[in-house]
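In our numbering, the protein residues as written are 55 to 143.
Heads up, the beta-carbon is just placed ideally off N, CA and C, and yes, glycines get one too.
If you want it as C-alpha cells, here you go:
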C-alpha cells in the first residue's frame, strides 16, 4: 500500500498539478481576451458578443478546472493519501 501511495502522490504532483496549472492559465487567458474584446470593441455588437462568449467560456473553464482540483484533493484525502501539494515557486 505504501508503494501505491507514493506512486499516486508522485503522479499527482508531477503530472496532474502542471496540467491543472496549464489549463487554468489557458482559461484565464481566454477570459482576459474576452474582456479585452468586450471593452475595446464597444461599438461593434458582433465583437462584443464574441467577447461575452469568451468571458463565459473562460469562467466555465476555470470552474471546471478548480472543481477537478477539489475532487482530486477530496479523493486523495478520503483514501488517506494526503492533499495535493502546490507547485513550488
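Item	Value
Nearest residue (CA-CA) to residue 114, options 57, 73, 83, 62	83
DSSP state of residue 121 mapped onto helix, strand, coil	helix
For residue 92 and residue 105, the rounded distance between their alpha carbons	5 Å
Contact between the stretch 62-73 and the stretch 88-103 (3+ Cβ pairs under 8 Å)	no
Pick from 116, 66, 59 that is closest to residue 79, judged by C-alpha positions	116
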